[in-house]
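Numbering of the sequence shown is given in the working numbering, commencing with residue 72 and proceeding in unit increments.
Just so it is clear, CB atoms sit at the ideal spot from N, CA and C, and this is done for glycine as well.
Just below is one structure, and these are the notes that go with it.
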Amino acid sequence: QVQFVASGGGLAQPGGSLRLSCITSRFITSVFNAQEFGWYRETPGKQRELVARIGRSTDYADSVKGRFTITKDNARKRFYLQMNGLKPEDTAVYYCNKVPACDSWGQGTQVTVSS
72 QVQFVASGGG LAQPGGSLRL SCITSRFITS VFNAQEFGWY RETPGKQREL
122 VARIGRSTDY ADSVKGRFTI TKDNARKRFY LQMNGLKPED TAVYYCNKVP
172 ACDSWGQGTQ VTVSS
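Below is the structure:
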């Protein structure tokens, strides 16, 4: 089964930046290169939401558009989320997965935006 390990979260001040990384494993190279991936986030009491996706193109939730950038490194089988202009409402546990997602969620990485 494919696996995803998200890292790079932490505490940031409003307006600050963080870069999340997702290390994937058990992907055949050709499958990874063709696969669409995404970053999801979850807060208590709210449904997990897809905030950024990358395949042939990229797409973003309205709440992060213009602030977050998703990129993909096919050679290393990793993908990333650059988060700039962070807001307190970005506080969440962030997960990486395929789009559509599979059951292999991993532990996620906590992002806290607070002064």
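Query raised in the report: In angstroms, rounded to a whole number, what distance separates the CA positions of residue 118 and residue 101?
Result: In the sequence shown, residue 118 corresponds to position 47, counting from 1. In the sequence shown, residue 101 corresponds to position 30, counting from 1. The alpha-carbon atoms of residue 118 and residue 101 are separated by roughly 32 angstroms.
Requested in this report: From the DSSP output, read off the bridge partner residues of residue 113.
Outcome: Here the question's residue 113 lines up with position 42 in the sequence shown. Looking at the DSSP assignment, residue 113 forms a beta bridge with 164.
Query raised in the report: How big is the Cα-Cα spacing for residue 108 and residue 161?
Result: Here residue 108 corresponds to residue number 37 of the sequence shown, with the count starting at 1. Here residue 161 corresponds to residue number 90 of the sequence shown, with the count starting at 1. Their Cα atoms are separated by approximately 20 angstroms.
Query raised in the report: Start and end of the beta strand (DSSP E) containing residue 78?
Result: Here residue 78 refers to the residue found at position 7 when the sequence shown is read from its first residue. It spans 74 to 78 - the beta strand (DSSP E) in which residue 78 sits, taken as one unbroken run.
Query raised in the report: Looking only at C-alpha atoms, which of 149, 128 and 113 sits nearest to residue 91?
Result: For the purposes of this step, residue 91 is taken as residue 20 along the sequence shown, with counting starting at 1. Among 149, 128 and 113, the Cα nearest to that of residue 91 is on 149.
Requested in this report: Could you tell me which of 181, 151, 158 and 171 sits nearest to residue 106, measuring between CA atoms?
Outcome: If you number the sequence shown from 1, residue 106 lands on position 35. Comparing Cα-Cα distances from residue 106 to each of 181, 151, 158 and 171, the minimum goes to 171.
**Report entry** Buried/exposed call for residue 145, threshold 16 Cβ in 10 Å
**Finding:** One-based indexing of the sequence shown puts residue 145 at position 74. So residue 145 counts as exposed.
Query - Neighbour-count burial assignment, residue 168, 16 or more Cβ in a 10 Å radius - result: Numbered from its first residue, the sequence shown carries residue 168 at position 97. Residue 168 comes out buried.
Query raised in the report: For residue 105, which three-state DSSP category applies?
Result: For the purposes of this step, residue 105 is identified with residue 34 of the sequence shown, where counting begins at 1. Of the three classes helix, strand and coil, the one that applies to residue 105 here is helix, per DSSP.
Requested in this report: Just the C-alpha distance for residue 147 and residue 159, rounded to the nearest angstrom, thanks.
Outcome: Start at 1 with the first residue of the sequence shown, and residue 147 comes out as number 76. Start at 1 with the first residue of the sequence shown, and residue 159 comes out as number 88. Going by the C-alpha atoms only, they are around 32 angstroms apart.
Query raised in the report: Is residue 82 buried or exposed, if buried means 16 or more other CB atoms sit within 10 Å of its CB?
Result: Within the sequence shown, the letter at position 11 stands for residue 82. Looking at its Cβ environment, which holds fewer than 16 other Cβ atoms inside 10 Å, residue 82 is exposed.
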